[in-house]
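Numbering follows the working numbering, in which position 104 of the sequence shown is assigned residue number 123; successive positions increment by one, without gaps. From the three backbone atoms N, C-alpha and C, an ideal C-beta is built for every residue, glycine too. Read the structure below first, then the notes.
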Amino acid sequence: MLEAVRNSPVVHAMGKENMLFAFRAIISQKLRSFLTLLGIVAGVATVIAMVSFVAGFNEAITGAFSTFGTTLVQFQKYDPRFGGPPELIPEEQRHRRDLTLEDAAALKRLATLAAAVSPERYLDAAATATASVKNRQGAEANGPQVGGVSPDYLQANNSTLEDGRFFTDTDLSHGSHTCVIGYDLVKALFPGRDPVGREVLLQGVPMNIIGVLEKKGSQMGGSADNILLVPLTVFDELFPQIKNGSGDTLHIATVPRDAKLVHEMQDQEVVILRQHRGLKSHQPNDFAIFTSEETLQTFQQVTGSVAAAMIFIAAIALLVGGVGIMNIMLVSVTERTREIGIRKALGATRKDIAAQFLVEAVALTGVGGALGIAAGFGVAFFVRFAFDFPAAAPLWSVVLGFGISTAIGLGFGLWPAMKAARQDPIEALRYE
């Protein structure tokens, strides 16, 4: 019986009528309604935009680390950190000994679980700014990353060649003036030509191009293809200040023979390095360990914290918006007291009156939620196309934003709706 009443045409007609009243009220007070909705719009837009940015940032970070390979274990002097001047490096880390080629050789010789051990040096930011990479015609590359590497580089860094060959042990031992370049250098120095067999001038020294790396694309706002690699011995010959510097001059990248053994390989390599560097059992490691997995988790924790802070701010905006909804609904009840009296005189029940004003509150916040979703998507699309950042709101964030706005309408519209429903019809009819 109850189900039949709920599905009756009368009930459906009343629902449509309430929706019609709600939208008429919103349209009749456009400015007041818009000002009331600003808090809801701002809160929902912030949620949508923030989720878009966090999802895009996580996608970019995951893509960037996947280029190194998820099983990368890299040893370096300083602990991984995100930005900041060198002066912020803790004193204990500054006093660590540099990693050496002998350390890398010990790992190469004794780490039975490692498939590749790649010692690497790179120009720092200051040296990169002054490094010169040109072709014979004088065209210059735009600040490529210059690195000195060993034959294990490709396997250790999840890289492949598009053309040519990579360095051999002979290139390394003889210090041959050869190089492997990325796609950006091909475009800048040899557009429309095959670069293999040609020369580039690195600091004015001729380098024969023997290979081209496969294109990787952009990573976190930079390009992974703007790179030039030379044998490590040649790098030390051209840039002795890097080798003899006091910074994090040598990295040793390693990958396991089997991805399932990455943690066992890391433990084995730590033991080898400690023994080779003469550390006692009570002494801490005098080197840092960088892994793609742990660093990715750290980034995600940071983005999660930022997202939580922004959502808290959005919650405050939504709370302010909810108070505004309650205020405008109370004003609306007062302004329409006589209308309430007339409806009750014509047979409307308390439930009918409450439903009318509750539907109006929900409609108001629903419109605000829709505008907020549109604004959030607009910000995300602008950032995506203006800055080539993969911001994209997942479907659940849209459902969440609209659900929150509707819930605010229900929660903050309940008291005004109940106040309207309790109006005495005789007193309401007398109201001027």
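>> Suppose the cutoff is 7 angstroms on Cβ atoms and the five residues either side in sequence are ignored; what does the same chain contact list for residue 275 look like?
In response: For residue 275, same chain residues with a beta-carbon under 7 angstroms away, outside a window of 5 residues either side, are 90, 132, 133, 134, 281, 284 in chain order.
So the candidates are 301, 307, 160; which of them puts its Cα closest to the Cα of residue 288? Measuring from the Cα of residue 288, the nearest candidate turns out to be 307.
Query raised in the report: Name the DSSP bridge partner or partners of residue 220?
Result: According to DSSP, which records beta bridges pairwise, residue 220 is partnered with 153, 225.
Who are the Cβ neighbours of residue 439 in its own chain at under 6 angstroms, not counting the five residues just before and after it? Cβ neighbours of residue 439 beyond the five flanking positions: 352, 359, 372, 376.
Extent of the continuous beta strand (DSSP E) to which residue 288 belongs | From DSSP, residue 288 is part of no beta strand (DSSP E) but of the alpha helix (DSSP H) over 281-295.
Go ahead and pull the three-state DSSP assignment for residue 182. Correct three-state label for residue 182: strand.
Subject >> DSSP state of residue 309 mapped onto helix, strand, coil >> reply: Note: residue 309 maps to strand in three-state DSSP.
Next item on the list: Just list the alpha helix (DSSP H) runs in the region 95-174, keeping only unbroken ones of 4 residues or longer that don't cross its boundaries, in chain order.
Entry: Complete alpha helix (DSSP H) runs here, min 4: 110-113, 120-129, 144-149.
Please work out which residues of its chain come closer than 7 angstroms, Cβ to Cβ, to residue 503, disregarding the five sequence neighbours upstream and downstream, and give them in chain order.
-> For residue 503 there is no data in the structure shown, the boundaries of the chain being 20 and 451.
Exercise. Taking residue 394 as the reference, give the member of 68, 58, 56 with the closest Cα.
Key: If you compare the alpha carbons of 68, 58, 56 with that of residue 394, the shortest gap goes to 68.
* **Element boundaries [alpha helix (DSSP H), containing residue 205]** => DSSP places residue 205 inside the alpha helix (DSSP H), whose first and last residues are 202-208.
- Evaluate residue 95 with the Cβ neighbour count: other Cβ atoms within 10 Å of its Cβ, from every protein chain shown; 16 or more gives buried, anything less gives exposed. Under this definition residue 95 is a buried residue.
| For residue 410, does the three-state DSSP call read helix, strand or coil? | DSSP, reduced to helix, strand and coil, places residue 410 outside both helices and strands of the structure shown, so it counts as coil.
Query raised in the report: When you compare each of 234, 426, 154 to residue 337 by their alpha carbons, which one comes out closest?
Result: Per the Cα distances, 426.
>> Nearest by alpha-carbon distance to residue 437: which of 417, 405, 390, 369 is it?
In response: Nearest of 417, 405, 390, 369 to residue 437, Cα basis: 369.
Original post:
Helix, strand or coil: how does DSSP classify residue 21 here?
Top reply: The predicted model places residue 21 with a pLDDT of 34, which falls under 50 and marks its position as unreliable, so this point remains unresolved.
| DSSP three-state assignment for residue 65, whether helix, strand or coil | Assigned with DSSP and collapsed to three states, residue 65 falls in helix.
- Round the Cβ separation of residue 249 and residue 200 to the nearest angstrom and send it over; I've been treating them as touching at under 8 angstroms. At roughly 10 angstroms, the Cβ-Cβ gap does not stay under 8 angstroms, so residue 249 and residue 200 are not in contact.
Next on the checklist: Is the separation between the beta-carbon of residue 233 and that of residue 179 shorter than 8 angstroms?
Outcome noted: Going by C-beta atoms, residue 233 is nearer than 8 angstroms to residue 179.
- Query: Helix, strand or coil: how does DSSP classify residue 270 here?
  - Reply: Correct three-state label for residue 270: strand.
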